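**Student:** Top line first, the protein sequences correspond to chains A and B.
Our numbering puts the first sequence at residues 43 to 226.
Our numbering puts the second sequence at residues 43 to 226.
Ideal placement from N, C-alpha and C gives every residue a C-beta, glycine not left out.
Since the model is a prediction, treat every value here as computed from it, not as a measurement.
Just passing along the structure, written as structure tokens.
There are 2 protein chains.
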Amino acid sequence: MELQPLVQRFVLHFGEMGSRWGINRTVGQIYALLFVSPRMLNADEIAEALGFSRSNVSMGLKELQSWKLVRLQHQPGDRREYFSAPEDIWTIFRTLAEERRRREVDPTLSMLRDALMETPGSDDERHAQQRMREMHNLIELVTGWFGEVQRLEPDTLIQLMSMGTRISKLLEMKDKIKLMPGGK
Amino acid sequence: MELQPLVQRFVLHFGEMGSRWGINRTVGQIYALLFVSPRMLNADEIAEALGFSRSNVSMGLKELQSWKLVRLQHQPGDRREYFSAPEDIWTIFRTLAEERRRREVDPTLSMLRDALMETPGSDDERHAQQRMREMHNLIELVTGWFGEVQRLEPDTLIQLMSMGTRISKLLEMKDKIKLMPGGK
DNA sequence: TTATAGTTTCAAGAGTTACTGAAAATACAA
DNA sequence: TTGTATTTTCAGTAACTCTTGAAACTATAA
Numbered sequence: 043m044e045l046q047p048l049v050q051r052f053v054l055h056f057g058e059m060g061s062r063w064g065i066n067r068t069v070g071q072i073y074a075l076l077f078v079s080p081r082m083l084n085a086d087e088i089a090e091a092l093g094f095s096r097s098n099v100s101m102g103l104k105e106l107q108s109w110k111l112v113r114l115q116h117q118p119g120d121r122r123e124y125f126s127a128p129e130d131i132w133t134i135f136r137t138l139a140e141e142r143r144r145r146e147v148d149p150t151l152s153m154l155r156d157a158l159m160e161t162p163g164s165d166d167e168r169h170a171q172q173r174m175r176e177m178h179n180l181i182e183l184v185t186g187w188f189g190e191v192q193r194l195e196p197d198t199l200i201q202l203m204s205m206g207t208r209i210s211k212l213l214e215m216k217d218k219i220k221l222m223p224g225g226k
Numbered sequence: 043m044e045l046q047p048l049v050q051r052f053v054l055h056f057g058e059m060g061s062r063w064g065i066n067r068t069v070g071q072i073y074a075l076l077f078v079s080p081r082m083l084n085a086d087e088i089a090e091a092l093g094f095s096r097s098n099v100s101m102g103l104k105e106l107q108s109w110k111l112v113r114l115q116h117q118p119g120d121r122r123e124y125f126s127a128p129e130d131i132w133t134i135f136r137t138l139a140e141e142r143r144r145r146e147v148d149p150t151l152s153m154l155r156d157a158l159m160e161t162p163g164s165d166d167e168r169h170a171q172q173r174m175r176e177m178h179n180l181i182e183l184v185t186g187w188f189g190e191v192q193r194l195e196p197d198t199l200i201q202l203m204s205m206g207t208r209i210s211k212l213l214e215m216k217d218k219i220k221l222m223p224g225g226k
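Okay, here's the thing in structure tokens:
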């Protein structure tokens, strides 16, 4: 299978981008290919299209499975495993955010919590702890909010995001209503 | 300068975390150290505290400067350059988001835009292009929204985030008001 | 100007991660 | 069961990134 030029550029770009994150080139390219592919692909097809060894693709797919970013399915009458990226891009976005939180944010939060439990033994430690507290609170606020917002319907979310900063007007309005006599 | 245990753990954790992102251990540790330090530090102090070579620290600081994550200042009567992380954690958060957008999102968006300009030469390419369009729109929506929201005052932002999903109630309310006779 | 404190660059070596082909394991069909 | 198709593992090598010490450079003080 020869890659079409449009797809080729997309795939190469994600290979490069992947390496800026923790993800390696192979994994980036495999995902990009699955993302734009009109049908499920098996490992041999992927290896051929991208010019990687079969074993490299196997490892890449395993990595993607551990990120829950690909779905595995069997085709009737074919023993091989076929892979695809989810149809809905919001699902992809959510999965990615969720996994990153699990792998990167949660361990950091737990380290910070431990550190905040300790009694500082000096002024410098007291200061350090104060900074850690600020970081802890920021992370909790942001991830907590993110977790909640993710549960909204994509439509509501799009509506919300399309509002941009006008959202702050809405907040002011809310405050006024609260202050009105008879307001809840 | 011996690192205090509390600070030590924090610094090591960020070293590890750094390597999961594109950032290397040295850079992660240097930033962590600056973040919790009660005063500005010079390169020698950093090198000594973390046990890295002077030149390694120099390169790390350069990297951090290119991310705009550290501030450089001279102390009166001292030739050496002193470094610090911004006091306000929201500033740090914003800078990080801004730089990541510039380095990772913008190039991706521009690649996608180019790809969307082209005329697909097959059904497969048409499908690929459709997927790229979905990705493009999602990225534009999210980053555009992010850009706007960043400009809000931290207080407003905190208020907004603390609302979580209750924000959707606010949206419904807005719609009702719009529908009311006499509503704008 | 020269001397010196401080910073950056760079080539080389150390360390790490990616990738491959071969071999082992697994899954299924006959 | 045996045979065959498919996937996974793994040891070795290739490629890449990190780290260092030495040398070059820069800025300031005398």
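Verify whether the separation of the beta carbon atoms of residue 199 of chain B and residue 191 of chain B is less than 9 Å.
**Tutor:** Start at 1 with the first residue of the second sequence, and residue 199 of chain B comes out as number 157. Start at 1 with the first residue of the second sequence, and residue 191 of chain B comes out as number 149. Contact flag set, yes.
**Student:** With a threshold of 7 Å on Cβ separation, who are the neighbours of residue 45 of chain B within its own chain once the five nearest residues in sequence on each side are excluded?
**Tutor:** What you label residue 45 of chain B is simply residue 3 of the second sequence in a count that begins at 1. Only 53 and 91 meet the Cβ criterion.
**Student:** Comparing C-alpha positions only, which one of A:210, A:107, A:143 and A:218 sits nearest to residue 126 of chain A?
**Tutor:** Locating residue 126 of chain A in the first sequence gives position 84, counting from the first residue. Among A:210, A:107, A:143 and A:218, the Cα nearest to that of residue 126 of chain A belongs to A:107.
**Student:** Could you check the C-alpha separation between residue 161 of chain A and residue 105 of chain A for me, to the nearest Å?
**Tutor:** Within the first sequence, residue 161 of chain A is the residue found at index 119, counting from 1. Within the first sequence, residue 105 of chain A is the residue found at index 63, counting from 1. Between the alpha carbons of residue 161 of chain A and residue 105 of chain A lies a gap of roughly 40 Å.
**Student:** Once you ignore the five residues that flank residue 95 of chain B on each side, which residues in its own chain have a CB closer than 8 Å to its CB?
**Tutor:** Reading the second sequence from its first residue, position 53 is the one you call residue 95 of chain B. Excluding residues within five positions, the ones whose Cβ falls inside 8 Å are 89.
**Student:** Output, in chain order, the set of chain B residues within a Cβ distance shorter than 9 Å of residue 88 of chain A.
**Tutor:** If you number the first sequence from 1, residue 88 of chain A lands on position 46. Correct list: empty, because the minimum Cβ distance to chain B is about 15 Å.
**Student:** Using 8 Å as the Cβ pair cut-off and three pairs as the minimum, do the segment 58 to 67 of chain B and the segment 59 to 71 of chain A touch?
**Tutor:** yes
**Student:** For residue 133 of chain A, count the other beta carbons within 10 Å of its own beta carbon; 16 or more makes it buried, fewer makes it exposed. Which is it?
**Tutor:** Numbered from 1 along the first sequence, position 91 holds the residue referred to as residue 133 of chain A. Under this definition residue 133 of chain A is an exposed residue.
**Student:** Can you give me the Cβ contacts of residue 124 of chain B inside the same chain, cut-off strictly under 8 Å, excluding the 5 residues immediately before and after it?
**Tutor:** Here residue 124 of chain B is taken as the residue at index 82 of the second sequence, counted from 1. Excluding sequence neighbours, residue 124 of chain B sits near 82, 83, 84, 114, 115, 116 and 117.
**Student:** Indicate whether the contact test is met: 3 or more Cβ pairs, each with one atom in the segment 165 to 185 of chain A and one in the segment 148 to 155 of chain A, closer than 8 Å.
**Tutor:** yes
**Student:** In chain order, which continuous runs of the beta strand (DSSP E) of length 3 or greater are located wholly inside the segment 67 to 117 of chain B?
**Tutor:** The segment 67 to 117 of chain B contains these whole beta strand (DSSP E) runs: 113 to 116.
**Student:** Any beta carbon from chain B within less than 9 Å of residue 109 of chain A's own beta carbon?
**Tutor:** Taking the first sequence and counting its residues from 1, the one referred to as residue 109 of chain A is at position 67. So, not an interface residue.
**Student:** Show which residues of chain B have a CB atom less than 7 Å away from the CB atom of residue 80 of chain A.
**Tutor:** The sequence position of residue 80 of chain A within the first sequence is 38, counting from 1. For a Cβ distance threshold of 7 Å, residue set 166 and 169 of chain B lies close to residue 80 of chain A, ordered along the chain.
**Student:** Looking at the structure shown, is residue 152 of chain A part of a helix, part of a strand, or coil, going by DSSP?
**Tutor:** One-based indexing of the first sequence puts residue 152 of chain A at position 110. Looking at residue 152 of chain A - three-state DSSP - the assignment turns out to be helix.
**Student:** Got a sec: is the Cβ-Cβ distance from residue 198 of chain A to anything in chain B below 9 Å?
**Tutor:** Numbered from its first residue, the first sequence carries residue 198 of chain A at position 156. Yes - at least one Cβ of chain B is within 9 Å of the one on residue 198 of chain A.
**Student:** In terms of residues, what are the limits of the beta strand (DSSP E) holding residue 164 of chain B?
**Tutor:** Within the second sequence, numbered from 1, the residue matching residue 164 of chain B stands at position 122. Here residue 164 of chain B belongs to no beta strand (DSSP E), and DSSP marks it neither H nor E.
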